[in-house]
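Engineer:
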Amino acid sequence: MLPKIDVNACKSEDCKNFALVDCADYVKPSFKLGYRAIYCPKCGGNSYLINNDDLKKIFYPYWSFYMKNIEKACPSCYSTESIKYGTTAIGTVRYQCKNCNNVYSLKNLNKFDDVDNKLIESLLKNTKVSTIFKELKITPASFYRRLENINEILDILCRKVEKYKIKNKISSIETNLFNLNCRVENKTGLSNDLHCIVSCCSKTGYVLPITTNWNDQELSLESIYKSQNIPAESINLLEENTIEKIYKKYESFHKRHSFDHIHYTSDNVSKHIIEPVVAGHSHFKTLEILLAPNVKHHFIHHEVYIRGAVLTAYGNAIRNEKCDVFYVISNENRDGIQYKHTGSYKVGWWKNVWHEYKDINGEGYKYICNLTSSKNNQPYEYLKLNPSLKYSEEFIKTFLYFFPSKRINSLSPKILVKILSLFSKYYNYCCIPPNETLTAAQRIGVAKQQYDLSMILNVDLYSDSEE
Numbered sequence: 004m005l006p007k008i009d010v011n012a013c014k015s016e017d018c019k020n021f022a023l024v025d026c027a028d029y030v031k032p033s034f035k036l037g038y039r040a041i042y043c044p045k046c047g048g049n050s051y052l053i054n055n056d057d058l059k060k061i062f063y064p065y066w067s068f069y070m071k072n073i074e075k076a077c078p079s080c081y082s083t084e085s086i087k088y089g090t091t092a093i094g095t096v097r098y099q100c101k102n103c104n105n106v107y108s109l110k111n112l113n114k115f116d117d118v119d120n121k122l123i124e125s126l127l128k129n130t131k132v133s134t135i136f137k138e139l140k141i142t143p144a145s146f147y148r149r150l151e152n153i154n155e156i157l158d159i160l161c162r163k164v165e166k167y168k169i170k171n172k173i174s175s176i177e178t179n180l181f182n183l184n185c186r187v188e189n190k191t192g193l194s195n196d197l198h199c200i201v202s203c204c205s206k207t208g209y210v211l212p213i214t215t216n217w218n219d220q221e222l223s224l225e226s227i228y229k230s231q232n233i234p235a236e237s238i239n240l241l242e243e244n245t246i247e248k249i250y251k252k253y254e255s256f257h258k259r260h261s262f263d264h265i266h267y268t269s270d271n272v273s274k275h276i277i278e279p280v281v282a283g284h285s286h287f288k289t290l291e292i293l294l295a296p297n298v299k300h301h302f303i304h305h306e307v308y309i310r311g312a313v314l315t316a317y318g319n320a321i322r323n324e325k326c327d328v329f330y331v332i333s334n335e336n337r338d339g340i341q342y343k344h345t346g347s348y349k350v351g352w353w354k355n356v357w358h359e360y361k362d363i364n365g366e367g368y369k370y371i372c373n374l375t376s377s378k379n380n381q382p383y384e385y386l387k388l389n390p391s392l393k394y395s396e397e398f399i400k401t402f403l404y405f406f407p408s409k410r411i412n413s414l415s416p417k418i419l420v421k422i423l424s425l426f427s428k429y430y431n432y433c434c435i436p437p438n439e440t441l442t443a444a445q446r447i448g449v450a451k452q453q454y455d456l457s458m459i460l461n462v463d464l465y466s467d468s469e470e
């Protein structure tokens, strides 16, 4: 049975209805403020109303892929009770579902061939896609099929290893945002801005699945991004006078059609570009199936739609005081910085309390806002949690080093999304960030050594056993 999806709930953490779906108090849709909203009469909150059917179209394909290939569930009824039922012509094991008698087989995890190896190597060496076609003597269609197949196999291998080795170990996550400008699908001379969401373990830097607001499902107009030619918001929070920039950021929230309605680009974009808030909820639904429900701390980019998506995803844990969510802004330019608390400020419509910390040597600063325990603010205790976005920022920086903007501009959204997914695996297993001695995969415990490109494509190195 497919999981129920409903992300429409009150997002005011002090309200009795906070994070409760199907609450009889709600008015939905409400147009009280001029947009489709879910209105909570207990606190007066108006949250952007998400089309749950659209979210299902986005999320269910990955959930089905995960259940079949990781949980070995029947693709018809999703029961995990099955018996072996012979093999296919190429030797893949067949299974028969005990519940519905459906016969199925899992994706064949054949070893990659030489063309696959060269394809990935060429991508990482900044080779133009058109040049890859010529050098490998493959068609554009063959290139995309191979890229998709490589991604699917690596995704299965990585998710299996994560399930058996680290699912219960990740208790702290950071989430960051970035934009990538690529071309419109099947056209040149035009551009498309993709809004990207990356989460990683805040203790090891291990990158989890990346979400973009590109989707090839047919969705309602409610979920498609509408630039309305409104200027994109551009406030650099890492400049001087950061607290003033934080105030301006809140002011920009108030100028929006709704708090969750971010304008990240003014361009007229493809109908396949969805509202970032919808992508945000999809992102955290994906993390829900990959991680055990024991995430205690979540550090996020200062963006209100991400706040809403996180509060919804971890609502039950927050209500039970088992999880806290923090906005974090910092310019950490080195490890081992010693911070001193220098002030606290109440900012925005929610009167969020921001704590200011400065390096005792004057080399850096950090701003932290606890979104879930405002009555128990303990500025010095927060530093012990090591709140930061440095690992996600390092990933973004490394990706843009391998794929500079000039190169990204020439890629179609479909290919760029696959490259992002592929690069996250390469980054986890092959890259050692500055000031570290191990890869993220080594630090979190899914690899015993740093991999090179040939090793990351070696299926035999990924142990998916339940030992």
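Heads up: take any position in the sequence shown, counting from 1, add 3, and you land on the working numbering. Even glycine gets a Cβ: it sits at the ideal position worked out from N, Cα and C.
Using only alpha-carbon positions, find the residue among Lys248, Leu122, Val210 that is nearest to Tyr370.
Structural biologist: Sequence index remark: in the sequence shown, residue 370 carries index 367 (1-based). Nearest option by C-alpha distance: Lys248.
Engineer: With a CB to CB cut of under 6 Å and the five nearest residues on each side skipped, what residues in its chain are close to Leu414?
Structural biologist: In the sequence shown, the residue the question calls residue 414 occupies position 411. Within the same chain, Leu414 has close Cβ partners Cys185.
Engineer: Please list the segments of the beta strand (DSSP E) lying wholly inside the segment 171 to 226, counting only runs of 3 or more residues, in order along the chain.
Structural biologist: 175 to 185, 195 to 204
Engineer: Would you list the one or two residues that DSSP bridges to Tyr454?
Structural biologist: Here residue 454 refers to the residue found at position 451 when the sequence shown is read from its first residue. In DSSP, Tyr454 forms no bridge with anything.
Engineer: According to DSSP, is Trp66 part of a helix, a strand, or is it coil?
Structural biologist: On the sequence shown, residue 66 is found 63 positions in, with the first residue counted as 1. Looking at Trp66 - three-state DSSP - the assignment turns out to be helix.
Engineer: Does any heavy atom of the ligand ADP sit closer than 7 Å to the C-beta of Gln381?
Structural biologist: Among the ligands in the structure shown, none appear at all, so the ligand ADP cannot be discussed.
Engineer: How long is the line joining the alpha carbons of Arg310 and Gly94, rounded to whole angstroms?
Structural biologist: Taking the first residue of the sequence shown as 1, we reach residue 310 at position 307. Taking the first residue of the sequence shown as 1, we reach residue 94 at position 91. Each residue's Cα considered, the two are about 48 Å apart.
Engineer: Go ahead and pull the three-state DSSP assignment for Ala40.
Structural biologist: Counted from its first residue, the sequence shown places residue 40 at position 37. In this structure, Ala40 counts as strand in the three-state DSSP scheme.
Engineer: Give me, in chain order, the residues of the same chain whose beta-carbon lies closer than 7 Å to that of Tyr537; leave out the 5 immediate sequence neighbours on both sides.
Structural biologist: Coverage of the chain is limited to positions 4 through 470, which leaves residue 537 absent and any answer about it impossible.
Engineer: Please name the residue or residues paired with Phe329 in a DSSP beta bridge.
Structural biologist: On the sequence shown, residue 329 is found 326 positions in, with the first residue counted as 1. BP columns for Phe329 point to Phe302, Asn373.
Engineer: So the candidates are Leu197, Ala92, Ile153, Val106; which of them puts its Cα closest to the Cα of Pro80?
Structural biologist: As a first step, residue 80 is located in the sequence shown; it is residue number 77 there, counting from the start. Checking the sequence, you will find Cys at residue 80 rather than Pro. Residue Val106 is the option with its Cα nearest to Cys80.
Engineer: Is it the case that the Cβ atoms of Leu290 and Arg162 are separated by a distance below 8 Å?
Structural biologist: The residue given as residue 290 occupies position 287 in the sequence shown. The residue given as residue 162 occupies position 159 in the sequence shown. Not closer than 8 Å, so no.
Engineer: Assuming Asp362 is part of the beta strand (DSSP E), what are its boundary residues?
Structural biologist: Mapped onto the sequence shown, residue 362 falls at position 359. Run containing Asp362: 355 to 362, per the beta strand (DSSP E) assignment.
Engineer: Quick check: the Cα distance between His304 and Lys451, rounded to an integer number of angstroms?
Structural biologist: By 1-based counting over the sequence shown, the position of residue 304 is 301. By 1-based counting over the sequence shown, the position of residue 451 is 448. Taking the straight line joining both Cα atoms gives about 31 Å.
Engineer: Would you identify the three-state DSSP class for Glu55, choosing helix, strand or coil?
Structural biologist: Residue mapping note: residue 55 aligns to position 52 of the sequence shown, counting from 1. Per the sequence shown, the amino acid found at residue 55 is Asn instead of Glu. It is helical.
Engineer: Judging by CA-CA distance, which residue of Ile418, Tyr429, Lys417 is the nearest neighbour of Thr401?
Structural biologist: To locate residue 401, count along the sequence shown from 1; it is residue 398. Of the candidates Ile418, Tyr429, Lys417, the residue whose Cα lies closest to the Cα of Thr401 is Tyr429.
Engineer: Using 8 Å for Cβ pairs, my map puts Val281 next to Asp57. What's the rounded Cβ distance?
Structural biologist: Here residue 281 is taken as the residue at index 278 of the sequence shown, counted from 1. Here residue 57 is taken as the residue at index 54 of the sequence shown, counted from 1. Sure, about 7 Å apart at Cβ, within 8 Å.
Engineer: Is it right to say Glu177 is buried, meaning 16 or more other beta carbons lie within 10 angstroms of its own, or is it exposed?
Structural biologist: Looking up residue 177 in the sequence shown gives position 174. Counting Cβ neighbours within 10 Å, Glu177 comes out buried, since at least 16 surround it.
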